[in-house]
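*Asks:* Protein chains in written order, with our numbering: chain A, 4 to 341; chain B, 4 to 341. The structure that follows is given in the form of structure tokens.
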DNA sequence: TGTCAACCTGTGCACGGTCACAGGCTGTGA
DNA sequence: TCACAGCCTGTGACCGTGCACAGGTTGACA
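The structure is reproduced here in structure tokens:
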């Protein structure tokens, strides 16, 4: 019997109570943990729930409790950089799945333009979601400052440079990953490993360079480093620069796959074969890595694990746990370019 | 003054009413359209809203109205095919933006596994969202049947083959797009245009082939058609088949960019130059189209417009309008391959 | 002057839960 | 026999909004 006692609409907690011969309070107790409820009452309620086909009304529950049972996936990327990368989709999907497993849902918030940012901030501040999964590459994001100031539970994807300790985060081991790649390049016999680094105000720009420097130790030489901004074009330009400053280089570690793609194009233009003359290593294992010519050796970011971890961490923060910063290992994916 | 009259929590409609010297009902009327309310009362309420910093509580509103002010973006792709394509992200982002403009939000629902499908169906049936933006490539999707049976407002992305007329949809002009591509190939002097078609139980498989056939008219020849399943590998295999059956072909129209990528690989393997010996045209303008070697000439799907149109259509359906099917034009993007 | 429509306003109830509190029952120990 | 703790249950208030209804005011018109 899936009809309701009252006859109209979906069965409510009252219908269940009536069917079970108990009060609303008891039904509520059974639904939420069920402490201090006699076995007979619990069984009766559970049967009544099954009989009536009762499902709790989230809107009513949210109104009463103030919680919403959903998290926001907040994107603060003005450009479509993240969007263009299949990894982003993996992150999004992973988060949605991790939430679905807990009976929660994911609300997608896009905050590209200033107007959108305001709306998103208002939406979050209004308590429509219990917390925020923040996806942002920029270190000095004012939106993050806003979230922190309002005390909204937040987990950042990637280390939030200006807010260390103030907000929980999940990030890949940038330094360790960079060191792994440099070690790999040198292990295959390369002597002079150059680097195309990213902007220093992003964690990927800063810490991947740190890892490169750490691994090289005394062999580190400023002339072998050039900078890009994660675009393909900037990688190509940085490579041009390196070929002038350090023409004897025999390997390049790019701080992102996109910049590696640009670097490869430049190398080819100048007649340097990849990987025969110059080995090229990237970072991210973005979608284009496998389809590049030659297929790119790179550091894989475990976005599926990262998103699951972010969800777990955020729920902890919501429950009152202190902020934590979790680091996930990057893994070397050897293809052809190095 | 952004504090509340009662002192605790956020200001409610009562606080606004008190501040404006009117009743709750009048405040409610001002908020919702404001018909039948005197100019003075409206002004007083508006000022009171600004003074108190009042924002309407969606949970309470949803409980009272039964509406949720959000739509679901429902993905029914078992594999990550859609996810791997940046176009998917454009679709998602476009939908989120179109909703944000209306003060609504987008809930992401992933229904890959059977369990996920059930949960998603239950979630939707529970009235957590007002309607569903369905993203599915499979024609006979049981989830769609379920949605239709339950009378849940739905808009499909792409023509839902088994449900013509039963559900609103937004799709690209498959036939017209295919004809445009074939016309382009012939206009550049190609005489024997072959086709790598997709599965006939998908709209892209069926209608792009129809367009190809229509455009060729009397010149259509069954031997010049092979089938794939949208994967790169299947495109490569179909191309092998075509080279055997119709070795004199001088152009290929692939029903997707991924299959075009496979076709190009096969052609190169057999020493046919692209586009010198064989011109290749694709469909979708997927992310990989621009980075293929040579860059792929293809039909661009306007996913940004499609998503906005889907949202508009779904809101119409929710408002009680009859189901409509809207077709958006695909545009030819000429790169190097044809 | 009475009737009536058009306009504006306030009030009570409903939406479907949660939670605090009071109170009943039972068994134990003084 | 009484006090009291431990367990279980029911009730009323409340979360913040929308909506139907009733009623009040005003002006036009017969």
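Note that the Cβ used here is the ideal one computed from N, Cα and C, for glycine as well. In this text the structure is predicted, and so the values were computed from the model without any measurement.
1. Given a threshold of 16 other Cβ atoms within 10 Å of its Cβ, counted over all protein chains shown, does residue 203/A qualify as buried or as exposed?
2. For residue 197/A, tell me which candidate among 248/A, 104/A, 279/A has the shortest Cα-Cα distance.
3. On the CB-based measure, 16 or more other CB atoms within 10 Å of its CB, does residue 46/B come out buried or exposed?
4. Using beta carbons (cut-off 8 Å, strictly below), is residue 126/A in contact with chain B?
5. Does the count of Cβ pairs from the segment 180 to 187 of chain A and the segment 327 to 337 of chain A closer than 8 Å reach three?
6. Got a sec, what are the start and stop residues for the alpha helix (DSSP H) residue 167/A sits in?
7. In whole angstroms, what separates the C-alpha of residue 59/A from that of residue 67/A?
8. According to DSSP, which residues form a beta bridge with residue 134/A?
9. Along the segment 46 to 57 of chain B, where does the CB come closer than 8 Å to a CB of chain A? Name the residues.
10. What is the residue span of the beta strand (DSSP E) that residue 262/A lies within?
11. My output table needs one value for residue 176/B: the three-state DSSP class, helix, strand or coil.
12. Considering only residues of the same chain and omitting the five flanking positions on each side of residue 308/A, which have a CB-CB separation below 6 Å?
13. Using a Cβ-Cβ distance under 8 Å, would residue 65/B count as near chain A?
14. I'd like to confirm the pairing. Which residues does DSSP put opposite residue 300/A in its beta bridges?
15. Can you tell me the Cα-Cα spacing of residue 13/A and residue 57/A, whole angstroms?
16. Starting from the beta carbon of residue 119/B, find every residue of chain A whose beta carbon is closer than 7 Å, and list them in chain order.
17. For residue 314/B versus residue 171/B, is the C-beta distance shorter than 8 Å?
18. Once the 5 residues before and after residue 212/B are set aside, which same chain residues still bring their CB inside 6 Å of it?
19. How about residue 336/A: is its C-beta nearer than 8 Å to some C-beta of chain B?
20. Of all the CB atoms in chain A, is at least one closer than 8 Å to the CB of residue 185/B?
21. Could you work out which residue in 90/A, 73/A, 265/A, 64/A is closest to residue 135/A when comparing CA atoms only?
22. Look at the Cβ atom of residue 253/A, then the Cβ atom of residue 286/A, and state whether they are nearer than 8 Å.
23. By the criterion of Cβ-Cβ separation under 7 Å, what are the contact partners of residue 99/A in chain B?
24. Opposite residue 223/A in the DSSP bridges: which residues?
25. Is the distance from the Cβ of residue 55/A to the Cβ of residue 22/A below 8 Å?
26. Chain A beta carbons: is any one of them nearer than 8 Å to that of residue 297/B?
27. Shorter than 8 Å from the beta carbon of residue 96/B to some beta carbon of chain A?
28. What are the residues that DSSP puts in a beta bridge with residue 109/B?
29. Identify the contact partners of residue 91/A in chain B, using a Cβ-Cβ distance below 7 Å as the criterion.
30. Comparing alpha-carbon positions, which option in 75/B, 229/B, 65/B, 33/B lies nearest residue 52/B?
31. Alpha carbon to alpha carbon, how far is residue 279/B from residue 241/B?
32. Does the CB of residue 290/B have a neighbour CB from chain A at under 8 Å?
33. DSSP three-state call for residue 139/B: helix, strand or coil?
34. Output, in chain order, the set of chain A residues within a Cβ distance shorter than 8 Å of residue 61/B.
35. With a Cβ-Cβ cutoff of 8 Å, do residue 179/A and residue 214/A count as a contact?
36. Exposed or buried, which one is residue 35/B when buried takes at least 16 other CB atoms within 10 Å?
*Replies:* A quick look at the data gives this:
1. exposed
2. 248/A
3. exposed
4. yes
5. yes
6. Where residue 167/A is concerned, there is no enclosing alpha helix (DSSP H), given that its DSSP letter is neither H nor E.
7. 13 Å
8. 74/A
9. none
10. Note, residue 262/A: premise wrong, no beta strand (DSSP E); alpha helix (DSSP H) at 260 to 272.
11. coil
12. 331
13. yes
14. 284/A
15. 7 Å
16. 103
17. no
18. 200
19. no
20. no
21. 73/A
22. no
23. 111, 113
24. According to DSSP, residue 223/A bridges with nothing at all.
25. yes
26. no
27. yes
28. 111/A, 74/B
29. 92
30. 33/B
31. 20 Å
32. yes
33. coil
34. 129, 131
35. yes
36. exposed
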